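Here the structure is laid out as structure tokens; the discussion comes afterwards.
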Amino acid sequence: MLQSIVHVCLAGLSQGMFIWLVASGLTLIFGVLGVLNFAHGAFYMLGAYFCYTVLASLGDNFWLGLIFGPLFVCAVGYFVERYFLRYVYHLDLPYQLLLTFAFVLIFDDLVKIVWGAGSIGSPTVPGLGGSVSILGRMFPTYSLFIIAVGPLVALGLWAALERTWAGRVIRAASSDREMAAALGAKVPLIFTGVFVFGTWLGALGGGLAVPYVGLLTPGMGEAVIIEAFVVAVIGGLGSLKGAFLGALIIGLLSSFGTRFLPTFDMFLTFILMALVLLWRPQGFFGEASR
Amino acid sequence: MSKKGLTRRQFVKAGLLTGTGAALGVGVLKPTGLWAAPAKIKGPVKVGYQAIMSGTLAGYGEFHKMGVVMAMEEINKAGGIAGVPLEVEFRDSTLKKPQAIQNARYFVDSWGADFLAGVDSSGQALALAPVMAQLGKPLMVTHAATEKLTEIEVYKKGIKEIFRICTPTYQDGNAAAFVAQGLPAKKWATISPKYEYGYTCWNMFKDTLGKLKPGVEFVAESWAPFGTTDFRPHINTILDAKPDGLYSVEWAGELITMIKQANQAGLFKKIKHIMLPVGAAMDVLEGLGAEMPDGVWISGRYFFMFPNDQRNIDWVARFRKRWNHYPAYVSETGYSAMYAYKQAVEAAGSKESNAVIGALEGMKMGSPAGERVFRKQDHQAMYEVPWGLTTTNPKYPFKVMGKQVIIPPSEFFNRPPFEGPNTHPPFKG
Numbered sequence: 011m012l013q014s015i016v017h018v019c020l021a022g023l024s025q026g027m028f029i030w031l032v033a034s035g036l037t038l039i040f041g042v043l044g045v046l047n048f049a050h051g052a053f054y055m056l057g058a059y060f061c062y063t064v065l066a067s068l069g070d071n072f073w074l075g076l077i078f079g080p081l082f083v084c085a086v087g088y089f090v091e092r093y094f095l096r097y098v099y100h101l102d103l104p105y106q107l108l109l110t111f112a113f114v115l116i117f118d119d120l121v122k123i124v125w126g127a128g129s130i131g132s133p134t135v136p137g138l139g140g141s142v143s144i145l146g147r148m149f150p151t152y153s154l155f156i157i158a159v160g161p162l163v164a165l166g167l168w169a170a171l172e173r174t175w176a177g178r179v180i181r182a183a184s185s186d187r188e189m190a191a192a193l194g195a196k197v198p199l200i201f202t203g204v205f206v207f208g209t210w211l212g213a214l215g216g217g218l219a220v221p222y223v224g225l226l227t228p229g230m231g232e233a234v235i236i237e238a239f240v241v242a243v244i245g246g247l248g249s250l251k252g253a254f255l256g257a258l259i260i261g262l263l264s265s266f267g268t269r270f271l272p273t274f275d276m277f278l279t280f281i282l283m284a285l286v287l288l289w290r291p292q293g294f295f296g297e298a299s300r
Numbered sequence: 178m179s180k181k182g183l184t185r186r187q188f189v190k191a192g193l194l195t196g197t198g199a200a201l202g203v204g205v206l207k208p209t210g211l212w213a214a215p216a217k218i219k220g221p222v223k224v225g226y227q228a229i230m231s232g233t234l235a236g237y238g239e240f241h242k243m244g245v246v247m248a249m250e251e252i253n254k255a256g257g258i259a260g261v262p263l264e265v266e267f268r269d270s271t272l273k274k275p276q277a278i279q280n281a282r283y284f285v286d287s288w289g290a291d292f293l294a295g296v297d298s299s300g301q302a303l304a305l306a307p308v309m310a311q312l313g314k315p316l317m318v319t320h321a322a323t324e325k326l327t328e329i330e331v332y333k334k335g336i337k338e339i340f341r342i343c344t345p346t347y348q349d350g351n352a353a354a355f356v357a358q359g360l361p362a363k364k365w366a367t368i369s370p371k372y373e374y375g376y377t378c379w380n381m382f383k384d385t386l387g388k389l390k391p392g393v394e395f396v397a398e399s400w401a402p403f404g405t406t407d408f409r410p411h412i413n414t415i416l417d418a419k420p421d422g423l424y425s426v427e428w429a430g431e432l433i434t435m436i437k438q439a440n441q442a443g444l445f446k447k448i449k450h451i452m453l454p455v456g457a458a459m460d461v462l463e464g465l466g467a468e469m470p471d472g473v474w475i476s477g478r479y480f481f482m483f484p485n486d487q488r489n490i491d492w493v494a495r496f497r498k499r500w501n502h503y504p505a506y507v508s509e510t511g512y513s514a515m516y517a518y519k520q521a522v523e524a525a526g527s528k529e530s531n532a533v534i535g536a537l538e539g540m541k542m543g544s545p546a547g548e549r550v551f552r553k554q555d556h557q558a559m560y561e562v563p564w565g566l567t568t569t570n571p572k573y574p575f576k577v578m579g580k581q582v583i584i585p586p587s588e589f590f591n592r593p594p595f596e597g598p599n600t601h602p603p604f605k606g
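These protein sequence lines map, in sequence, to chains A and B.
First residue of the first sequence? That's 11 in this note's numbering, and the numbers climb one at a time after it.
First residue of the second sequence? That's 178 in this note's numbering, and the numbers climb one at a time after it.
Quick look at the structure:
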């Protein structure tokens, strides 16, 4: 029984950290730009495909793929923000949703044209492809790696936003666009930078998903983006702290639900979201009103 | 509009013929047989084909298309269907029921389809049955497998328009039980999809194996929702129950993910007998490559190595030449669906729905998968698909079937009237 609980816990943690990696970029973009980026799931998918292509063309080196793959997606993110998204910041939310959703459809079809509609199996990661025995049951080393990467990304983000000059400017621009601009901050440049960085986080999540999920398919971002949205809502839209906590809770809840309450596992997440919205509509760490 | 005109003209023509015949007297000109029917089929034979072409399962749509396009090219090069060309239009079915119904209506009402084919999801197939009855055009299902489609919609409710050319869940549930009967495993468990297809297969497997081998136990079930990317909690559930056999109708990408994660969790070292009713799909075998363990029981709706006859060998060679790919099972069922319509139209001498439905009922046809017979009562095609053990073969970059077992469809297909004694296997006498 202990063996089972420990393993369910570990599976939940790795699942949660994985959702966090995707949700972090989404939350950052919403927090600073105020845009609900539906295309984030598409960036995640592109991240996976670019990482795969880089690693396949550089002799199956996963780490090179993970370093260079997301950079291509950043270029795509720059293009999207600079030439499209920038023109709808001042419009209502539905316009932003429509535009970013359009990109989801475009990228899904582009992936089908470039990489084919079928699924692509991924190689295992050298050094992290095996399993370790924990209490007599095997657990994948790669999942332990994901459990470690999640908090590192969280720490890095926190340090960058709270402890650096650039982070201070970003926080200033997000709390009052006009005032920051009046004080000399180049707000459009900051917005582009944050969007590209958020895109990079999503693409990194996609790249890390390649060995985790084990295959690439067009539309692979759709399931993930829904979980990431739930996490962002529970944590408080725009709050990185909230997204981290939300991802942990959702990961553990779905893992324990599958094992011990299998009839309800699909509802648990949404029941939690409904309860949070009733009890604290702004989420765990959200501000009462923006 | 034009359809109306055509019917009226045919009606007038038939009336004239009959009139002339009557005037000339019986025996001089008898308006029967070829005379009464239009002498030749007018216009192309149009088939509306829908399959999933977007999202994570988009690869299946491509596989359908490869088979159908190849059939169309071959048929038209050889003179078409009864002298007129075959035309096919494809539409993305997604996995949503309203989309499938909308596609069917578009095909018939706007595009002027004579026949429909395709459909991957069991839920969509069941939703389409009453719509097809209303539209009055045949639909040849090439992938959706639920037995309820043919047992209830066709047999019980009498919806004549539905046919199925692929093996139904009998292959996944009943035939699997016949194979499992011969294995030493006594305790079985499942990880299967949390929807209609998963439930119906596992219940059938339990039911049939329980009758074939009294004393087997079914110790755990874990249901994975559509879109699952993390099977670890499910694998934990199964390992906790300590079964000696695992049965799973996970399919496509999710099956690939499950096998990889089960490998990492050491599941195949703990559980010796694995049965994957749709594990012989090409996307799964190619996606897993060497990561598919040896000695796993797999099956599907068709496997390119069976039957080992000239017709199939030639077809696989032509298919590889055309697409640079081994044929997936939906490529074969899509391909053969076109030939089924060709044979039925030519036998009926008409593309009119009732005539074609009549020709299809009980029709025997040769196909790459071997000889098929459409059972008259439920419109289900009966043909052989092997169950086999995975093995490494240096000729292929993926695992293939080594040892193969064939169970005759007459022994494991449920029989009409589908209720009461001796309608479910094992059959007496």
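Where is the CB? At the ideal position from N, CA and C, for every residue including glycine.
Remember, it's a predicted structure, so these values are computed and weren't measured experimentally.
*When the Cα atoms are used, what is the spatial distance from B/E561 to A/A112?*
Position 384 of the second sequence, counted from the first residue, corresponds to residue 561 of chain B. Position 102 of the first sequence, counted from the first residue, corresponds to residue 112 of chain A. Answer to the nearest angstrom: the Cα atoms are 45 Å apart.
*Under a three-way DSSP split, which group does B/G204 fall into?*
As a working note, residue 204 of chain B is residue 27 in the second sequence. Confidence at B/G204 is low in this model, with a pLDDT of 41, below 50, so the placement of that residue should be treated as unreliable; the coordinate-derived value is given next. The three-state secondary structure of B/G204, taken from DSSP, is coil.
*Do A/K251 and A/F295 have their CB atoms nearer than 7 Å?*
Locating residue 251 of chain A in the first sequence gives position 241, where the first residue counts as 1. Locating residue 295 of chain A in the first sequence gives position 285, where the first residue counts as 1. A contact, by the Cβ cut-off of 7 Å.
*Which whole-angstrom value describes the C-beta separation of A/G160 and A/L31, a residue pair presumed to lie in contact below a C-beta threshold of 8 Å?*
On the first sequence, residue 160 of chain A is found 150 positions in, with the first residue counted as 1. On the first sequence, residue 31 of chain A is found 21 positions in, with the first residue counted as 1. Confirmed, about 6 Å.
*Grab me the residues of A/F82's own chain with a C-beta within less than 7 Å of its C-beta, minus the 5 sequence neighbours each way, in chain order.*
As a first step, residue 82 of chain A is located in the first sequence; it is residue number 72 there, counting from the start. Closer than 7 Å at the Cβ level, and outside the excluded window around A/F82, lie F60.
*Which residues bound the beta strand (DSSP E) around B/E398?*
If you number the second sequence from 1, residue 398 of chain B lands on position 221. Its beta strand (DSSP E) spans residues E394 to A401.
_Using 7 Å as the threshold, is the C-beta distance between B/T385 and B/A354 below it?_
Walking along the second sequence from the start, residue 385 of chain B turns up at place 208. Walking along the second sequence from the start, residue 354 of chain B turns up at place 177. Taking 7 Å as the Cβ cut-off, B/T385 and B/A354 qualify as a contacting pair.
_Does the segment 387-396 of chain B come into contact with the segment 357-373 of chain B, if we say contact requires no fewer than three beta-carbon pairs (one atom in each stretch) closer than 8 Å?_
The segment 387-396 of chain B makes contact with the segment 357-373 of chain B: 3 or more CB pairs, one atom from each, lie closer than 8 Å.
*With 16 as the cutoff for other CB atoms within 10 Å, does B/Y226 come out buried or exposed?*
Indexing the second sequence from 1 puts residue 226 of chain B at position 49. Counting Cβ neighbours within 10 Å, B/Y226 comes out buried, since at least 16 surround it.
*DSSP-derived helix/strand/coil call for A/S132*: Walking along the first sequence from the start, residue 132 of chain A turns up at place 122. Correct three-state label for A/S132: coil.
*Please name the residue, chosen from B/I258, B/V285, B/K437 and B/K383, that lies closest to B/K601 on a Cα-to-Cα basis.*
Looking up residue 601 of chain B in the second sequence gives position 424. For the sequence presented, residue 601 of chain B should be read as His rather than Lys. Closest by alpha carbon: B/K383.
*asked:* Among the candidates B/T319, B/A524, B/P454 and B/L453, whose CA atom is the shortest distance from the CA of B/K541?
replied: The sequence position of residue 541 of chain B within the second sequence is 364, counting from 1. If we check each option's Cα against that of B/K541, B/A524 comes out closest.
_Is it buried or exposed, B/V507, if we count other Cβ atoms within 10 angstroms and call 16 or more buried?_
The residue labelled residue 507 of chain B in the question sits at position 330 within the second sequence. Burial call: buried.
*asked:* Per the DSSP calculation, B/D269 is bridged to which residue(s)?
replied: On the second sequence, position 92 is the one that residue 269 of chain B refers to. Partner(s): B/A228.
*Give the residues of chain B in contact with A/A276, contact being defined as C-beta atoms less than 8 Å apart.*
By 1-based counting over the first sequence, the position of residue 276 of chain A is 266. For the record, residue 276 of chain A in the displayed sequence is Met; it is not Ala. Residues of chain B passing the Cβ test: K371 and P402.
*Counting only beta-carbon atoms, is A/M301 nearer than 7 Å to chain B?*
Because chain A spans 11 through 300 in this model, residue 301 of chain A falls outside it and cannot be assessed.
*At a CB-CB cut-off below 7 Å, which residues of chain A make contact with B/H411?*
Reading the second sequence from its first residue, position 234 is the one you call residue 411 of chain B. What B/H411 touches in chain A: T268.
*Check the Cβ-Cβ distances between A/L225 and every residue of chain C, and say whether any is below 7 Å.*
Given the protein chain composition of this structure (A and B), no chain C is represented.
_Assumed close pair B/I339, B/V308 - CB separation to whole angstroms, cut-off 8 Å_ = The residue given as residue 339 of chain B occupies position 162 in the second sequence. The residue given as residue 308 of chain B occupies position 131 in the second sequence. Not a contact, Cβ separation roughly 10 Å.
*Could you give the distance in angstroms between the alpha-carbon of B/N599 and the alpha-carbon of B/K605?*
Counting from one through the second sequence, the residue named residue 599 of chain B turns up at place 422. Counting from one through the second sequence, the residue named residue 605 of chain B turns up at place 428. One alpha carbon belongs to B/N599, the other to B/K605, and they sit about 7 Å apart.
*Leaving out the 5 sequence neighbours to the left and right, which residues in its chain are closer than 6 Å to B/V550 when beta-carbon positions are compared?*
For the purposes of this step, residue 550 of chain B is identified with residue 373 of the second sequence, where counting begins at 1. Around B/V550: K541 and M559.
*asked:* Would A/A127 pass as an interface residue toward chain B - the criterion being a Cβ-Cβ separation below 7 Å?
replied: Taking the first sequence and counting its residues from 1, one reaches residue 127 of chain A at position 117. Closer than 7 Å: yes.
*Which residue from B/W379, B/M459 and B/S425 puts its Cα closest to that of B/W474?*
The residue you call residue 474 of chain B lines up with position 297 of the second sequence. When each option's Cα is compared against that of B/W474, the closest is B/S425.
*Got a sec: which bits of the segment 111-123 of chain A sit with their beta carbon under 7 Å from any beta carbon on chain B, in order along the chain?*
D118 and K122
*Buried or exposed: B/G260, going by 16 or more other Cβ atoms within 10 Å of its Cβ?*
Within the second sequence, numbered from 1, the residue matching residue 260 of chain B stands at position 83. It is exposed - the Cβ of B/G260 has fewer than 16 other Cβ atoms within 10 Å.
*Going by CA-CA distance only, name the one from A/A191, A/S143, A/S67 and A/T63 that's closest to B/A442.*
Taking the second sequence and counting its residues from 1, one reaches residue 442 of chain B at position 265. Minimum Cα distance to B/A442 is reached at A/S143.
_Measuring only the C-alpha atoms, how far is B/S544 from A/L247?_
Position 367 of the second sequence holds residue 544 of chain B. Position 237 of the first sequence holds residue 247 of chain A. Spanning the two alpha carbons is a distance of roughly 57 Å.
*Between which two residues does the beta strand (DSSP E) containing A/I144 stretch?*
Counted from its first residue, the first sequence places residue 144 of chain A at position 134. Note, A/I144: beta strand (DSSP E), S141 to I144.
*So is A/V18 in contact with chain B if we call contact Cβ pairs under 7 Å?*
Counting from one through the first sequence, the residue named residue 18 of chain A turns up at place 8. Yes, A/V18 counts as interfacial toward chain B.
*Would you say B/G342 and B/A514 are within 7 Å of each other, going by their C-beta atoms?*
In the second sequence, counting from the first residue as 1, residue 342 of chain B sits at position 165. In the second sequence, counting from the first residue as 1, residue 514 of chain B sits at position 337. The amino acid at residue 342 of chain B is misidentified as Gly; the sequence shows Ile. Against a cut-off of 7 Å, the Cβ pair of B/A514 and B/I342 comes out as a contact.
*Give the single residue among B/L312, B/V246 and B/Q487 whose Cα lies nearest to the Cα of B/E264.*
Along the second sequence, read from residue 1 onward, the residue named residue 264 of chain B stands at position 87. Of the candidates B/L312, B/V246 and B/Q487, the one whose C-alpha sits nearest the C-alpha of B/E264 is B/V246.
_Contacting residues, own chain, Cβ-Cβ under 7 Å from A/I130 (five flanking each side not counted)_ = As a first step, residue 130 of chain A must be located in the first sequence, where it is residue number 120. For A/I130, where only same-chain residues beyond five positions count, the Cβ hits under 7 Å are Y62, L225 and L226.
*Can you tell me which of B/K325, B/L272, B/E250 and B/K219 puts its alpha carbon nearest to the alpha carbon of B/P594?*
For this step, residue 594 of chain B is matched to residue 417 along the second sequence. Distances from the alpha-carbon of B/P594 to those of B/K325, B/L272, B/E250 and B/K219 put B/K325 closest.
*State buried or exposed for A/G87, treating a residue as buried only when at least 16 other CB atoms are found within 10 Å of its CB.*
One-based indexing of the first sequence puts residue 87 of chain A at position 77. Result: buried.
*List the endpoints of the continuous alpha helix (DSSP H) containing A/P150.*
Here residue 150 of chain A refers to the residue found at position 140 of the first sequence. Looking at the DSSP string, A/P150 is not in any alpha helix (DSSP H); the run it does join, the beta strand (DSSP E), is R147 to P150.
*Cβ of B/G456 less than 7 Å from any chain A Cβ?*
As a first step, residue 456 of chain B must be located in the second sequence, where it is residue number 279. With 7 Å as the cut-off, B/G456 does not count as an interface residue toward chain A.
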